[in-house]
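Contents: one structure, followed by commentary.
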Amino acid sequence: MCLGSPFPQRMSLPSRNVKERCPWTRTGSATIPRCLRGWTFPLRWNNASADRWRVSVGGLRNARDTLPCLPVVLLTLVQDAPILTPYAAVFGFGSDEDAKPALALIREVVSAKSTKREGPAPLPLRWLRFLQMLIELFSGRSNEGEVMKTQAVVFPEADRFELRELQLEPPGTGDMVVRTLVTAISPGTERWTLRGKHIGTQFPCVPGYHRIGIVEECGSDVTNFRTGDIVYGSVNRWKEEVISMWGAHVGLSVGNFGGYKFVASTMPTRFELETLSLEVVAAVGNRGIRFCDPKPTQKMLIIGAGIIGLCAAQLAALRGAAPVLLDVDDERIDFLKQRGYSVFNGSAPSADDTLRELAPAGFDIVYDTAGHAATTDRMVQLMRRQGTLLLQAQYFDKERCAIDLDQTKMKELTVKFTCGTGDIDWEETTTRIRSRMLKIDPLITHRLNAPEQLLEGYELLHTGRPFNLGIVFRWDDNLKVV
């Protein structure tokens, strides 16, 4: 028995009367279940590698036209393999009703993430999942009329968050069904959305745009992706009257393939998935650095030591510039100093004098990620003439966020803005994260399991306590740490 694949190394055809007793030989067709599409299974027949079959069910609609012998092979497998004796009842059904007890048994074991049961021998988890899919396939279950549902984080109104079940729309020809692997909170955007202050916010809504998932189904018009691809994006459609404010924090999604970016054709490591999940905020920092274009030895002051500011500081240092960060949270400042960042408390009485000592001729660049106008005005006074001021924060309150344009004019500063990211930012950021040049992992303070701990993560965002920076949710069972 080879337990590395869901088939034994040696098989023999059963007698004709066994084949006639097999309930799967009845007429009719079975639609490939969504969870089985795109899988490829190697069949080693009579231990002859030259006769190895590779049977792919991806995208096929009629199982019996394509896999006419598979039910017989599986029946033989159960009869001939002692290791499966406790599970022989799984295959002894002739109708949906007969299959329910066996299917419930397998689901019980799978949901418990256990590979051990009482009996002669344990059955590996990968076998159980495979058998579960085949039961659903050959008991006549169909995707027609199938209702897909997902757990989702919903902001029902300002300063409130909850977990809801949403019913997804049926996928169309240009859609992909994507199962979530990891998501991450975007602290700035999602906090402003939760407060009801982000431009375009409507309640109730599903927040977030940091999401990596695996493609489980592709419509016939999908050209750029295949089943099994790892993708980044959060395109969604559901039946409930809930707005998608990018809608990342869901377990399953249905949406047009154009809203996704390709990540990999094979499963990345947990480390890569978690660091890449914060791709968007890192790419925002990349865009800011491209726009202000720091040169070697230039002095750069970044207001706000959030993930965007920290990524910008790393990228500026890679260019040879000398970035320093300004924040007001002592706990965050201590956390970052321990990780090698040059960061100062902007509310300290000696802050301005300290910064003048760092840049006697004035800072070449001031990079604002906080949107606090009074602080920006103070820091502009510490800039050299004809320097560059980059404004990258949220500026919703027109009065509170208004900066002093007169002193900006007197210093003849170049003022630049950025909003969002572009393809070049995505490509550059992905390369730097994967090459470990851009270090995201030290910025992740909380790794939580979803959906169980979703609300715990949003309580962290809402209150800011205990101290938190990067918050990542692990949706896939294989990524979770109990």
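So the sequence shown is numbered by my numbering: it starts at 514 and just counts up by one.
Even for Gly, the Cβ is constructed at its ideal location relative to N, Cα and C.
As a quick exercise: from the options, pick the residue whose alpha carbon is nearest that of residue i.
i: E754; options: C718, C731 and P781; result: C718
i: Q966; options: A697, T943 and M661; result: A697
i: A796; options: I821, M780 and P781; result: I821
i: V735; options: T934, Q894 and G771; result: G771
i: A665; options: L849, A874 and I756; result: I756
i: D742; options: T714, F775 and R750; result: F775
i: V660; options: F986, K752 and C824; result: K752
i: A906; options: L918, M923, D919 and V879; result: V879
i: R1001; options: N991, H959 and P807; result: Any answer about residue 1001 is impossible in this case: the structure gives the chain only from 514 up to 995.
i: F784; options: G970, S948, I816 and L918; result: S948
i: D672; options: G709, T867 and G853; result: G709
i: G817; options: D865, H885, G935 and Y773; result: H885
i: Y773; options: T782, Y745 and L831; result: Y745
i: L831; options: R852, K850 and D806; result: D806
Using a Cβ-Cβ cutoff of less than 6 Å, which residues in the same chain neighbour residue i once the five nearest sequence positions on both sides are dropped?
i: G833; result: P809
i: E941; result: N799
i: P581; result: Confidence at P581 is low in this model, with a pLDDT of 33, below 50, so its placement is unreliable and the value that follows should be read with caution. No residues qualify anywhere along the chain.
i: A563; result: Its pLDDT being 28, under 50, A563 is placed unreliably by the model, and the measurement read from it follows with that caveat. So the list is empty, once near-sequence residues are dropped.
i: P873; result: none
i: A777; result: I743
i: Y971; result: F674
i: H762; result: V666, T696 and G721
i: V748; result: G768, N769 and G772
How about residue i and residue j: do their beta carbons lie closer than 8 Å?
i: L681; j: I725; result: no
i: P964; j: L676; result: yes
i: Q899; j: L926; result: yes
i: G685; j: G732; result: yes
i: G687; j: N769; result: yes
i: L974; j: E703; result: yes
i: R897; j: F876; result: yes
i: L838; j: A826; result: yes
i: I727; j: R692; result: yes
i: I802; j: A835; result: no
i: R869; j: L895; result: yes
i: V841; j: S860; result: yes
i: S689; j: E730; result: With the sequence shown as reference, residue 689 is identified as Met, and Ser is not the correct amino acid for it. In contact: M689 and E730 (Cβ atoms closer than 8 Å).
i: I946; j: T740; result: no
i: F986; j: F848; result: no
i: K924; j: V893; result: yes
i: N962; j: K993; result: yes
I think residue i touches residue j, with their Cβ atoms under 8 Å apart; what is that distance to the nearest whole Å?
i: S790; j: H723; result: 5 Å
i: L694; j: W988; result: 6 Å
i: G764; j: T663; result: 5 Å
i: F674; j: L968; result: 7 Å
Can you list, in chain order, the residues of its chain whose CB lies under 8 Å from that of residue i, leaving out five sequence neighbours each side?
i: I712; result: F909
i: D843; result: N858
i: P669; result: E675, F716 and P717
i: Y854; result: A818, L823, A826 and L838
i: T976; result: none
i: K850; result: V856
i: W939; result: K774, E792 and A796
Could you name the residues of the same chain whose beta carbon sits closer than 7 Å to that of residue i, not counting the 5 residues immediately before and after it, in chain order?
i: S699; result: G721, Y722, H723, V793 and V794
i: Q715; result: I756
i: L956; result: I820, L823, L982 and G983
i: A915; result: A886
i: F804; result: L903, K929 and T931
i: T934; result: V793, A796, V797 and R800
i: M758; result: T706, T714, C718, V719 and P720
Would residue i pass as an interface residue toward chain B - the criterion being a Cβ-Cβ separation below 8 Å?
i: G709; result: No chain B appears in the structure shown, which is made up of a single protein chain.
Open item on the list: Across the stretch 884-892 and the stretch 901-919, are there enough close Cβ pairs to call them in contact, namely three or more that are closer than 8 Å?
Closed with: They touch, by the three-pair rule.
Task: contact_flag[the stretch 947-963, the stretch 912-929] where n(CB pairs < 8 Å) is 3 or more - done: Because the criterion of three Cβ pairs below 8 Å is not met, the stretch 947-963 and the stretch 912-929 do not touch.
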